[in-house]
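Numbered according to my numbering, the sequence shown spans residues 5 to 522. Every residue, glycine too, gets a C-beta built ideally from N, C-alpha and C. For clarity, every value in this text was computed on a predicted model and none was experimentally measured. Worksheet: the structure to be examined is printed underneath.
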Amino acid sequence: MESGIPKGLQFASVFSIGNGADIAVEDVLQHLDETYRPGTSPKVKLLYIENINNPDRLLHHASSLIKKGCKIAAIKAGNSDAGSRAACSHTGAMTSSDAAVEALFRKAGIVRCHGREELVTVANVFMCKELHSRRLAIITHAGGPGVMLTDALENGGLKIPTIEDSPAKMALKEKLHPGSSVENPIDFLATGTAEQLGAIIDACENDFEVDGMAVIYGSSGLFPVRDVYKLLDEKMHTCSKPIYPILPSVIDVKDDVSYFLSHGNVNFPDEVLLGKALTKVMNTPNPSEERIFLEGVDISEIRRIIDNAADGFQQPGVIHRLFDAAGIPRVEEIVVAKEKEAVKAARQIGFPLVMKVVGPVHKTEVGGVVLNIRNEESVKKEFQHLMGIDQAEAVLLAQMAWGTELFIGAKYEPKFGHVILCGLGGIYVEVMKDFTSGLAPLTMEEAYSMIKNLKSFKILNGYRGKSGVDIKKFAEIIVRLSSLLRFAIEIKELDINPLLGNGGDIFAVDARIRIEKG
């Protein structure tokens, strides 16, 4: 409240549950959901959470409120990565309770924040008219703040488009002082007047191809600003496009800022905080639909395989059957224990092929992967080499595949269920930590959102003459995996790394699955 009220945020009610011994945040959300009345109940909900006792209840009531027209932002504090220390797989090492919270919030449509200033700034964005697309005009009478806001918005995925030459642009320029810029940001100088600001806002509202406006106007010390703030208040109520007011002079002209806020407006005194908050709101997806993808997923076969499997990391044959039951494409693979069987398998698969040791969990670290084998003599030689590795149980032969390395993984988090990760494989996931998370079961829309939020997304679309990856196929594989896990909670960790994508073809090349029934 101390942070929000000076920026124009008004509070209808405040709930505190103390240590949550009797009443948890899920109970408060259920109450707000069940007592919500359109037109009278407050639409913006802000949460500070330390414990989530029942993620399903939080997901259900948060999603229900948002679908009724509410906006929710939340801080989740008290996260620990200690649980990842004992993990055996890449996914286990990367997934923590924090990743589960991130996935839960995205599934519910909750905007996640990490501090009170960010939480309040997001709430003030909610209090403005909704921005429906990503093109924003920046209107400023000070160059520096306009540049910083541009950087914050562009870095978050919003667009500050150039104002195209047109009669409307020329007419606006004639109304401004010489030296003003009618590009974007639109800079009408420190001597800019209320009348000029009104002309700029009208042009952005009616003539320029933008979806919203951010107006920066503090005190230059040259003349009073009350008339500017009166004009801004009027335009915020009459324009159909959202206007985000940035009034940074909260000390020099505090009475004028108070006047502006007294009319029910909010203020964003820091333009960079606004930029980050607005992009966070725009990048948070809507609540997902509560449905499970079942097309081509053989639930009965999945349960038979799981029920008959032993605890621990699974043999390739079990993994193959699970993937086939879920409709997840994979390369052809054959596991052999004798040299003659290896030669026969190589003839069946065809050259070139890959040979991998079966037994050790981390194959590459023990020299257990040999690529590009092109003849039977090499098959015999590499079979002897691989079987000589400590803990080797057999050898896997697989067809050679090429393409962009992708990664999908999952880890079971108590209370939350399976957290699914996706990203580019290789160094992108292991070194750059470029991955996104989702909570099973996933819809196609959720999978698309996960993929598009990767920093390396442009690589998936192809670049510098290199072919990209079929995004729809990649998303479908993620969804199929989530459906598999929905009916196999005994799977505690899963890695598909790499998944190779080449145009429309995507195949699982290497996978690990750990089952734990206790």
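Can you tell me where the beta strand (DSSP E) with residue i in it begins and where it stops?
i    : result
Y233 : Unbroken run through Y233 is the alpha helix (DSSP H), 230-242; no beta strand (DSSP E).
M404 : No beta strand (DSSP E) holds M404; DSSP gives it neither H nor E.
D499 : 495-506
R2   : No answer is possible for residue 2: the residues shown for the chain start at 5 and end at 522.
D362 : Per the sequence shown, residue 362 should be read as Val rather than Asp. Residues 357-362.
I377 : 373-377
R518 : 515-519
C530 : Any question about residue 530 goes unanswered here, given that the chain covers just 5 to 522.
P249 : 247-250
M217 : 216-220
F511 : 509-512
K49  : 48-53
A77  : 75-80
I142 : 140-144
Judging by CA-CA distance, which residue of the options is the nearest neighbour of residue i?
i    : options                : result
E417 : A28, K177, D102        : D102
V523 : P320, P289, P246       : No statement about residue 523 is possible, as the shown extent of the chain runs from 5 to 522 and does not include it.
F411 : I455, G392, L375       : I455
M436 : S460, S45, W406, E337  : S460
Y432 : P502, H267, A396       : P502
K496 : M217, P189, E520, E187 : E520
L390 : V373, N379, K75        : V373
K11  : I79, V124, R120, S68   : V124
K367 : L425, I481, I393, C117 : I393
M5   : S244, G22, L50, I21    : L50
G43  : H181, G73, F15, L425   : G73
Could you name the residues of the same chain whose beta carbon sits closer than 6 angstroms to that of residue i, not counting the 5 residues immediately before and after it, in chain order?
i    : result
I323 : A515, I517
S223 : V229, S253, D256, V257
H65  : L33, Q34, D37
R61  : E30
T408 : V473, G505
I310 : A492, E494
G363 : Q395, A396, E397
Y52  : I79
S453 : P289
Terminal residues of the continuous alpha helix (DSSP H) containing residue i?
i    : result
P149 : 147-159
D260 : 258-265
G279 : 275-286
A127 : 120-131
D60  : 59-71
S460 : Per DSSP, S460 belongs to no alpha helix (DSSP H) and is neither H nor E.
G12  : Neither: G12 is in no alpha helix (DSSP H) and is coded neither H nor E.
L489 : 475-490
Taking the Cβ atom as the reference point for each residue, do residue i and residue j lie within a distance shorter than 8 angstroms?
i    : j    : result
L443 : G421 : yes
L153 : V276 : yes
F317 : V370 : no
V445 : I332 : Note on identity: in this sequence residue 445 is Pro, with Val being the wrong assignment. No; because the gap between Cβ atoms is not below 8 angstroms, this pair is not in contact.
T440 : L458 : yes
A81  : V115 : no
A341 : R484 : no
P291 : I220 : no
W406 : L488 : no
I353 : E380 : no
I79  : A141 : no
P249 : F272 : yes
N57  : A25  : no
H267 : A194 : no
In chain order, what residues of the same chain have a beta carbon less than 7 angstroms from the beta carbon of residue i, not counting five sequence neighbours either side?
i    : result
R307 : F491
V423 : T99, A103, A104, A107, A414, K415, E417, S441, L443
R120 : S7
R334 : H324, F327, F511, A512
S68  : D37
K477 : G508, I510
R89  : Note that R89 scores 45 on pLDDT, short of 50, meaning its location in the model is unreliable; the coordinates nonetheless yield the value given after this. None.
L265 : G12, N271
A203 : L176, K179
G279 : L153, A156, L157, G160
Can you find the residues in the same chain that come closer than 8 angstroms, C-beta to C-beta, to residue i, ignoring five residues on each side of it along the sequence?
i    : result
A86  : Because the pLDDT at A86 is just 48, under 50, the model does not fix this residue reliably, and the value given afterwards should be weighed accordingly. The answer is none, since no qualifying residue turns up.
D315 : I519, E520, K521, G522
**Asked** Does the pairing of the segment 165-178 with the segment 208-217 give three or more beta-carbon distances under 8 angstroms?
**Response** yes
**Message:** Would the segment 273-289 count as touching the segment 465-474 if we require 3 or more Cβ pairs under 8 angstroms?
**Reply:** no
**Asked** Counting pairs of Cβ atoms below 8 angstroms between the segment 377-391 and the segment 345-358, do you hit three or more?
**Response** yes
**Prompt:** With contact counted as at least three CB pairs below 8 angstroms, one residue from each stretch, are the segment 348-366 and the segment 396-411 in contact?
**Reply:** yes
**Segment contact flag, the segment 188-198 with the segment 224-243, C-beta cutoff 8 angstroms, min 3 pairs** = yes
**Prompt:** Does the segment 133-142 touch the segment 105-113, meaning 3 or more C-beta pairs lie closer than 8 angstroms?
**Reply:** no
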